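Since the structure comes first, as structure tokens, the remarks are kept for the end.
2 protein chains.
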Amino acid sequence: MLTFTADRTGSQARLGKMKLPHGTVSTPCFMPVGTQGSVKTLTPAEVAEAGAEVIVCNTYHLYLRPGHKRIQAAGGLSKFMGWNRPILTDSGGFQVYSLAALTRVTDEGAEFQSHVDGSRHMFTPELVVEIQEALGSDIAMCLDECPPYPVSRPVAEAAVARTSLWADRCRAARQPGTNLFGIVQGATYPDLRERSARSLAALDLPGYAIGGLCLGEPSEVTYDMVERVTVLLPTDKPRYLMGAGYPEDIIAAVRLGVDMFDCVLPTRNGRTGTAFTSAGRVAIRNSRHADDPSALDPACDCYTCRSFSRAYLRHLFVVGEALGPKLLTLHNVRFFQHLMQDIRTAIEQGEFKSWSNEFLSRYRSSGEPAGQ
Amino acid sequence: MLTFTADRTGSQARLGKMKLPHGTVSTPCFMPVGTQGSVKTLTPAEVAEAGAEVIVCNTYHLYLRPGHKRIQAAGGLSKFMGWNRPILTDSGGFQVYSLAALTRVTDEGAEFQSHVDGSRHMFTPELVVEIQEALGSDIAMCLDECPPYPVSRPVAEAAVARTSLWADRCRAARQPGTNLFGIVQGATYPDLRERSARSLAALDLPGYAIGGLCLGEPSEVTYDMVERVTVLLPTDKPRYLMGAGYPEDIIAAVRLGVDMFDCVLPTRNGRTGTAFTSAGRVAIRNSRHADDPSALDPACDCYTCRSFSRAYLRHLFVVGEALGPKLLTLHNVRFFQHLMQDIRTAIEQGEFKSWSNEFLSRYRSSGEPAGQ
Numbered sequence: 001m002l003t004f005t006a007d008r009t010g011s012q013a014r015l016g017k018m019k020l021p022h023g024t025v026s027t028p029c030f031m032p033v034g035t036q037g038s039v040k041t042l043t044p045a046e047v048a049e050a051g052a053e054v055i056v057c058n059t060y061h062l063y064l065r066p067g068h069k070r071i072q073a074a075g076g077l078s079k080f081m082g083w084n085r086p087i088l089t090d091s092g093g094f095q096v097y098s099l100a101a102l103t104r105v106t107d108e109g110a111e112f113q114s115h116v117d118g119s120r121h122m123f124t125p126e127l128v129v130e131i132q133e134a135l136g137s138d139i140a141m142c143l144d145e146c147p148p149y150p151v152s153r154p155v156a157e158a159a160v161a162r163t164s165l166w167a168d169r170c171r172a173a174r175q176p177g178t179n180l181f182g183i184v185q186g187a188t189y190p191d192l193r194e195r196s197a198r199s200l201a202a203l204d205l206p207g208y209a210i211g212g213l214c215l216g217e218p219s220e221v222t223y224d225m226v227e228r229v230t231v232l233l234p235t236d237k238p239r240y241l242m243g244a245g246y247p248e249d250i251i252a253a254v255r256l257g258v259d260m261f262d263c264v265l266p267t268r269n270g271r272t273g274t275a276f277t278s279a280g281r282v283a284i285r286n287s288r289h290a291d292d293p294s295a296l297d298p299a300c301d302c303y304t305c306r307s308f309s310r311a312y313l314r315h316l317f318v319v320g321e322a323l324g325p326k327l328l329t330l331h332n333v334r335f336f337q338h339l340m341q342d343i344r345t346a347i348e349q350g351e352f353k354s355w356s357n358e359f360l361s362r363y364r365s366s367g368e369p370a371g372q
Numbered sequence: 373m374l375t376f377t378a379d380r381t382g383s384q385a386r387l388g389k390m391k392l393p394h395g396t397v398s399t400p401c402f403m404p405v406g407t408q409g410s411v412k413t414l415t416p417a418e419v420a421e422a423g424a425e426v427i428v429c430n431t432y433h434l435y436l437r438p439g440h441k442r443i444q445a446a447g448g449l450s451k452f453m454g455w456n457r458p459i460l461t462d463s464g465g466f467q468v469y470s471l472a473a474l475t476r477v478t479d480e481g482a483e484f485q486s487h488v489d490g491s492r493h494m495f496t497p498e499l500v501v502e503i504q505e506a507l508g509s510d511i512a513m514c515l516d517e518c519p520p521y522p523v524s525r526p527v528a529e530a531a532v533a534r535t536s537l538w539a540d541r542c543r544a545a546r547q548p549g550t551n552l553f554g555i556v557q558g559a560t561y562p563d564l565r566e567r568s569a570r571s572l573a574a575l576d577l578p579g580y581a582i583g584g585l586c587l588g589e590p591s592e593v594t595y596d597m598v599e600r601v602t603v604l605l606p607t608d609k610p611r612y613l614m615g616a617g618y619p620e621d622i623i624a625a626v627r628l629g630v631d632m633f634d635c636v637l638p639t640r641n642g643r644t645g646t647a648f649t650s651a652g653r654v655a656i657r658n659s660r661h662a663d664d665p666s667a668l669d670p671a672c673d674c675y676t677c678r679s680f681s682r683a684y685l686r687h688l689f690v691v692g693e694a695l696g697p698k699l700l701t702l703h704n705v706r707f708f709q710h711l712m713q714d715i716r717t718a719i720e721q722g723e724f725k726s727w728s729n730e731f732l733s734r735y736r737s738s739g740e741p742a743g744q
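Note that the protein sequences, when read in sequence, are chains A and B.
Every letter in the first sequence is one number past the one before it in our numbering, and letter 184, counting from 1, is 184.
For our numbering, add 372 to where a residue sits in the second sequence, where the first one is 1.
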């Protein structure tokens, strides 16, 4: 599924093309998150214009509302939401663990109560594949068990075993043509990560995700786990680090051979008033922007940066106008696509290492401290 | 300021062109409301694409936040908000009466406390003109006294007198080139309406608004008041019925010779899930839309109607996605611009009466009951 060119400067970074039913995706790529079938505040046209070639939607949410059968009857998720490019759906496992009232997890599956109405449901590996196939996902994810951070070794070890068991059942249940990705678990235990990667690699799936990271552990630990896993995964399959969203983490992971990323950071931070810019993060509510006629990011070509001053954007947030969160989201989504484009160009030109060093020195050296 | 052609079929409807500093406006026109310097949920590009040639912003809100001097320093409101077409600002009188904690009204002006932080302020006729000139408004409104509905005759009579007094002071305070409109008051008392209209007409202002209507009184009363006023206003000046937003009210008022309209209905109803369509109003949350693949309004050419099904729009509202309110607002704003375009075409072709009868029979004959 992935054809790629290795980085000529010796890192593990790869430049790839991923052919999917709804289109071809250039990697390394960043996938904006459209949890409930909408990249929050943006139209599909705006997401496409920002340069995104694939987005992530959520099996758990769409299963509950409006229901996968309803979406299937409407012609699939891409058609339903007006996004005529590829969609990756995560399995819903993470949301079952983090959002729903989890009643019981056995080898059979995960029982939970809906966060919407308290109704009882059970996700089995077979059901999550069926749901994702009904949605018409370009990439479907295996049901996994994703422990929180930190977690004890016995819990992490059991999650690795169950994740492998479930991956095997997902694989057996899938229809021909379904691009099913496995998810490597193992928390922050190097040998468990390696065990999980080997076990899943043996299933010969079309792609692999690294789950259970970016949950608050130190960056060095994240990078160490990613490195231990990527060297064990097949080189000709895409690798997806779930939930990594900080530019520095994305660049570090690309360097270790990761091809795909997703995170709520650009959309969530946009809504709460934090912009990612080429000079670092900007908290737009800060009073020092009150009379600033300059663009949010003079290096950006998005509609927000072309059309409005920081003073106006701040005003929108101060008075609570919905246009503020939307314009910052639009910018942030563009910023991440621009970043990935720059990464791809740097790899292509054999300059990834020098480019990333230059980017990081500029990105870290300024900007405002900003909470998430 | 207004050049117009009378309706050839004998109604008072007029087709006009209003030349303003930021551009020419075709009348009859509907002005979307951008209270705080933003037509809620929409970018200025979307408002322009919907066909709006002029919008209404609010002096009271912008005076409080971000402050008119800040906007003046930024180059004026049009530049500040990225809307390079005309802007009408209302005087803030209505908001002082309806929103702020009003402490005292004398002939000198209206004292009030900010609804934001409780700070004390006073709007005088001179100050509201100064604020609107600082904002760079294409059309500025006189400070008026706008009583609620219903109101006793003595209160209405005093408001008419004070409104005339203030209009005279606004006129004296304005800079050359400021397009200052007077506002006719008089509540639902025919003779007071006529007294107010005569008094303001004598000031020879560039345009006239009819205020203090569309506040809940029966439609027949509204129309009666409008008719009594329009016949007394100069024919060569634009007439603006403040707050009229229902298509049937707009059509009735155009027939009586009104040129300009504004209302929060398209934006507010859009945000709360009610769409105006060529077949009447649609409450998009209604479960009967859950599997409906058809467009919100098949007769509409907006992005929402071109791109999404009722089923998807309903989903967005049910799960609380910000895109839902935005897409319905976009449609509603376009619907009203489309309506005004059709009205103008009908007047131009000498078919306004037959067109409006046809429109109203179609518009009223279907659609869902929907609260505001």
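Ideal Cβ positions, reconstructed from N, Cα and C, are used throughout, including at glycine.
Here the structure is a predicted model, which means the values were calculated and not measured.
Contact check, S679 of chain B vs G216 of chain A under 8 Å by CB: the rounded distance? As a first step, residue 679 of chain B must be located in the second sequence, where it is residue number 307. As a first step, residue 216 of chain A must be located in the first sequence, where it is residue number 216. The Cβ separation is near 39 Å, so there is no contact.
Can you confirm whether Y675 of chain B, when its beta carbon is compared against all beta carbons of chain A, has any partner nearer than 8 Å? Stepping through the second sequence from its first residue, residue 675 of chain B is reached at position 303. Yes - at least one Cβ of chain A is within 8 Å of the one on Y675 of chain B.
Do R386 of chain B and F376 of chain B have their C-beta atoms within less than 8 Å of each other? Sequence index remark: in the second sequence, residue 386 of chain B carries index 14 (1-based). Sequence index remark: in the second sequence, residue 376 of chain B carries index 4 (1-based). Cβ distance < 8 Å, so R386 of chain B and F376 of chain B count as in contact.
Anyone know if the C-beta pair for D224 of chain A and Y240 of chain A falls short of 8 Å? Reading the first sequence from its first residue, position 224 is the one you call residue 224 of chain A. Reading the first sequence from its first residue, position 240 is the one you call residue 240 of chain A. No, the Cβ-Cβ distance between D224 of chain A and Y240 of chain A is not below 8 Å.
Please confirm whether K441 of chain B has its beta-carbon closer than 8 Å to some beta-carbon of chain A. As a working note, residue 441 of chain B is residue 69 in the second sequence. It does not: the Cβ of K441 of chain B has no partner Cβ on chain A nearer than 8 Å.
Amino acids of chain B, ordered along the chain, whose beta-carbon sits closer than 7 Å to that of G37 of chain A: For the purposes of this step, residue 37 of chain A is taken as the residue at position 37 of the first sequence. Chain B residues near G37 of chain A: H687.
Between E693 of chain B and chain A, is the shortest Cβ-Cβ distance under 8 Å, so that the two count as touching? The sequence position of residue 693 of chain B within the second sequence is 321, counting from 1. Chain A, which has a Cβ nearer than 8 Å to the Cβ of E693 of chain B, makes this yes.
Counting along the chain, where does the alpha helix (DSSP H) carrying Y675 of chain B start and finish? Position 303 of the second sequence, counted from the first residue, corresponds to residue 675 of chain B. Counting along the chain, the alpha helix (DSSP H) containing Y675 of chain B begins and ends at 675–679.
Could you give the residue range of the beta strand (DSSP E) that holds Y612 of chain B? Along the second sequence, read from residue 1 onward, the residue named residue 612 of chain B stands at position 240. Per DSSP, Y612 of chain B belongs to the beta strand (DSSP E) from 611–614.
Is the shortest distance between the beta-carbon of P293 of chain A and the beta-carbons of chain B less than 8 Å? By one-based count along the first sequence, residue 293 of chain A stands at place 293. A Cβ of chain B is located within less than 8 Å of the beta carbon of P293 of chain A.
Hey, how far is the Cα of P519 of chain B from the Cα of Y469 of chain B? By 1-based counting over the second sequence, the position of residue 519 of chain B is 147. By 1-based counting over the second sequence, the position of residue 469 of chain B is 97. Going from the Cα of P519 of chain B to the Cα of Y469 of chain B covers about 8 Å.
Among B:G617, B:L499, B:R736, the one whose alpha carbon lies nearest that of R541 of chain B: Here residue 541 of chain B refers to the residue found at position 169 of the second sequence. It is B:L499 whose Cα lies nearest to the Cα of R541 of chain B.
Candidates A:R174, A:Y60, A:H331, A:L316, of which the one nearest D90 of chain A by Cα: In the first sequence, the residue the question calls residue 90 of chain A occupies position 90. Measuring from the Cα of D90 of chain A, the nearest candidate turns out to be A:Y60.
Interface residues of chain A around G454 of chain B at Cβ under 8 Å? Within the second sequence, residue 454 of chain B is the residue found at index 82, counting from 1. Below the 8 Å Cβ cutoff, chain A contributes S307, F308, Y312 as neighbours of G454 of chain B, in chain order.
Rounded separation between F484 of chain B and G490 of chain B - CA only: Taking the first residue of the second sequence as position 1, residue 484 of chain B is located at position 112. Taking the first residue of the second sequence as position 1, residue 490 of chain B is located at position 118. One C-alpha to the other measures close to 9 Å.
From the DSSP secondary-structure annotation, give me the bridge partner or partners of S536 of chain B. The residue labelled residue 536 of chain B in the question sits at position 164 within the second sequence. DSSP, once it has assigned bridges, lists no residue as partnering S536 of chain B.
Leaving aside the five residues before and after L732 of chain B along the sequence, list all residues of the same chain whose C-beta is less than 7 Å from its C-beta, in chain order. What you label residue 732 of chain B is simply residue 360 of the second sequence in a count that begins at 1. E620, I623.
Cβ closer than 8 Å: which chain A residues qualify as neighbours of V690 of chain B? Residue mapping note: residue 690 of chain B aligns to position 318 of the second sequence, counting from 1. Those are R65, P66, listed as they occur along chain A.
Would you call R104 of chain A buried or exposed, if buried means 16 or more other Cβ atoms sit within 10 Å of its Cβ? The sequence position of residue 104 of chain A within the first sequence is 104, counting from 1. With fewer than 16 Cβ atoms within 10 Å of its Cβ, R104 of chain A is classed as exposed.
What distance in whole Å lies between the Cβ atoms of A275 of chain A and I284 of chain A, which are believed to be in contact at a cut-off of 8 Å? Here residue 284 of chain A is taken as the residue at index 284 of the first sequence, counted from 1. Here residue 275 of chain A is taken as the residue at index 275 of the first sequence, counted from 1. So it is a contact: roughly 6 Å between Cβ atoms.
Applying the criterion that 16 or more other CB atoms from any shown protein chain within 10 Å of the CB defines a buried residue, is V690 of chain B buried or exposed? Position 318 of the second sequence, counted from the start, is the residue given in the question as residue 690 of chain B. Counting Cβ neighbours within 10 Å, V690 of chain B comes out buried, since at least 16 surround it.
Got a sec? Which residues, its chain only, sit under 6 Å from F708 of chain B by beta carbon, not counting five neighbours each side? Sequence index remark: in the second sequence, residue 708 of chain B carries index 336 (1-based). So the list reads F402, P638, once near-sequence residues are dropped.
Using a beta-carbon distance cut-off of less than 7 Å, what residues from the region 444–475 of chain B approach chain A? A445, A446, F452, M453, G454
Indicate whether the contact test is met: 3 or more Cβ pairs, each with one atom in the region 568–575 of chain B and one in the region 548–558 of chain B, closer than 8 Å. Contact holds between the region 568–575 of chain B and the region 548–558 of chain B, because three or more Cβ pairs, one in each stretch, are under 8 Å apart.
3 or more residues per run - each beta strand (DSSP E) lying fully within the region 102–130 of chain A: Taken in chain order, the complete beta strand (DSSP E) segments of 3 or more residues contained in the region 102–130 of chain A are 110–113, 120–123.
Work out the CA separation of T304 of chain A and L328 of chain A for me, nearest whole Å. Counting from 1 along the first sequence, the entry for residue 328 of chain A is found at position 328. Counting from 1 along the first sequence, the entry for residue 304 of chain A is found at position 304. Roughly 7 Å separates the two Cα atoms.
Along the beta strand (DSSP E) that carries T646 of chain B, what are the first and last residues, could you check? In the second sequence, the residue the question calls residue 646 of chain B occupies position 274. That run of the beta strand (DSSP E) goes 646–649.
Can you pull the chain B residues whose beta carbon is under 8 Å from the beta carbon of K237 of chain A, in chain order? Locating residue 237 of chain A in the first sequence gives position 237, where the first residue counts as 1. Going along chain B, no residue has its Cβ under 8 Å from K237 of chain A, so there is no contact; the nearest lies around 33 Å.
Identify whether V593 of chain B lies in helix, strand or coil by the three-state DSSP scheme. Counted from its first residue, the second sequence places residue 593 of chain B at position 221. Here V593 of chain B carries a helix assignment [DSSP, helix/strand/coil].
Is it the case that the region 416–435 of chain B contacts the region 705–725 of chain B, given that we only count it when at least three CB pairs across the two stretches are under 8 Å? Verdict: yes, contact present.
Do L88 of chain A and D138 of chain A have their C-beta atoms within less than 8 Å of each other? As a first step, residue 88 of chain A must be located in the first sequence, where it is residue number 88. As a first step, residue 138 of chain A must be located in the first sequence, where it is residue number 138. Yes, these two residues count as a Cβ contact at 8 Å.
Residues in its own chain within less than 8 Å of L135 of chain A by CB, not counting five upstream and five downstream? As a working note, residue 135 of chain A is residue 135 in the first sequence. The residues are C57, T59, L62, H68, I71, Q72, G76, L77, I87, T89.
Among A:N269, A:P154, A:P21, the one whose alpha carbon lies nearest that of D191 of chain A: Here residue 191 of chain A corresponds to residue number 191 of the first sequence, with the count starting at 1. Of the candidates A:N269, A:P154, A:P21, the one whose C-alpha sits nearest the C-alpha of D191 of chain A is A:P154.
Pick from B:Y561, B:T550, B:G645, B:R627 that is closest to F724 of chain B, judged by C-alpha positions: Taking the first residue of the second sequence as position 1, residue 724 of chain B is located at position 352. Of the listed residues, the one whose Cα sits closest to F724 of chain B is B:R627.
Mind reading off the beta-carbon distance from L165 of chain A to G93 of chain A? Whole number of angstroms is fine, and I expect it under 8 Å. Translated into positions along the first sequence, residue 165 of chain A becomes position 165. Translated into positions along the first sequence, residue 93 of chain A becomes position 93. Not confirmed; about 13 Å, so no contact.
Step through the CB atoms of chain A and report whether any lies within less than 8 Å of the CB of A424 of chain B. Here the question's residue 424 of chain B lines up with position 52 in the second sequence. Cβ-Cβ to chain A under 8 Å: no for A424 of chain B.
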